[in-house]
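**Student:** Residue numbering for the sequence shown follows our numbering, beginning at 42 and increasing consecutively.
Please read through the structure below; I'll follow up with questions.
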Amino acid sequence: MRYADAPGNPWFSWQYLRDNSDTVLSALVEHVTLTTQAVAFAAMVGLPLAVLAYWFRPLTGPILALSGVLYTIPSLALLAFVAPLVGTTRPASVLIALVLYALLLIVRNTLAGLNQLPAEVLDAARGMGYGRFARLFRVDLPLAIPAILTGLRLATVSTVALVTVGSLIGYGGLGDLILGGFRNNFYKAEILVGTVLCVALGLLLDLLLAGAGRLLTPWTRGARG
């Protein structure tokens, strides 16, 4: 009888959770850490790039094209290219790949939000004497918050999923549990725990960002009402 078909290999096991709670918690913490770091770094790079494309229109095409090309590279191929450059035994290789994938979602949505600002609002800001930087921080970016948060939400959820690819070099967070379960004679409980926690983490982070968006944009609630 194959181990996968054995009665002692259920999809859910409290015994597995009790015996491996430290391992599961460590994988979850690593997954959250990689996700938050990747999205934060991608935002630090992507937001300025979107602003540059917004200010200097000729740069829009090259910026979107470059971030788009990076996004279309298969994850395994990108990881195989990055890992040897920074070291296959370091989480930095996974982090770099995750940042490159998140860039397009943040740049594209931020730029879309900035380009859709009402012309009358921009005219009023110019009439009040706002310079480029003053208008950016007091008018443009605050009004573009819904679009920016949409990009952050998409980047976060996709990053949660992509972190699992890092399990191929030992830095995949919950993906280590999923891959480990397949390698461990198809250990169903280990696979299910990693999968369920990965899905739950994506949903939780998305809900947190959605809640943050409602708090930061109270005027949108009034408009919907």
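From the three backbone atoms N, C-alpha and C, an ideal C-beta is built for every residue, glycine too.
Taking residue 151 and residue 202 to be in contact with their CB atoms under 8 Å, please state how far apart those CB atoms are, rounded to whole angstroms.
**Tutor:** About 21 Å; that fails the 8 Å criterion.
**Student:** Straight-line CA distance for residue 168 to residue 175?
**Tutor:** 13 Å
**Student:** For residue 156, which residues in the same chain have their Cβ closer than 8 Å to its Cβ, ignoring the five residues on either side in sequence?
**Tutor:** 95
**Student:** Return the Cβ separation of residue 192 and residue 204 in integer angstroms, given the expectation that the two are a contact with Cβ distance under 8 Å.
**Tutor:** Not a contact, Cβ separation roughly 18 Å.
**Student:** Would you verify that the beta carbon of residue 147 is, or is not, closer than 7 Å to some beta carbon of chain B?
**Tutor:** The structure shown has no chain B; it contains just one protein chain.
**Student:** Across the region 64 to 78 and the region 237 to 257, are there enough close Cβ pairs to call them in contact, namely three or more that are closer than 8 Å?
**Tutor:** yes
**Student:** Helix, strand or coil: which one does DSSP assign to residue 231?
**Tutor:** helix
**Student:** Using only the alpha-carbon positions, how far apart do residue 253 and residue 189 sit?
**Tutor:** 12 Å
**Student:** Please classify residue 118 as buried or exposed, where buried requires at least 16 neighbouring CB atoms within 10 angstroms.
**Tutor:** exposed
**Student:** Output the boundary residues of the alpha helix (DSSP H) element that contains residue 223.
**Tutor:** 215 to 224
**Student:** Once DSSP output is grouped into helix, strand and coil, what is the label at residue 156?
**Tutor:** helix
**Student:** Would you tell me roughly how many angstroms separate the C-alpha atoms of residue 208 and residue 153, rounded to the nearest one?
**Tutor:** 34 Å
**Student:** Could you give the C-beta distance for residue 242 and residue 73, rounded to a whole number, given that I count them as a contact under 8 Å?
**Tutor:** 7 Å
**Student:** Assuming residue 171 and residue 145 make a contact with CB atoms under 8 Å, what is their CB distance in whole Å?
**Tutor:** Actually they do not touch by this definition, with Cβ atoms about 30 Å apart.
**Student:** By the 10 Å Cβ neighbour count, where 16 or more other Cβ atoms means buried, how is residue 194 classified, buried or exposed?
**Tutor:** buried
**Student:** Hey, would you say residue 123 sits closer than 7 Å to residue 138, going by beta carbons?
**Tutor:** With a cutoff of 7 Å on beta-carbon distance, residue 123 and residue 138 are scored as near each other.
**Student:** Apart from the five residues just before and just after residue 235, which ones in its own chain have a Cβ nearer than 6 Å to its Cβ?
**Tutor:** 215, 218 and 219
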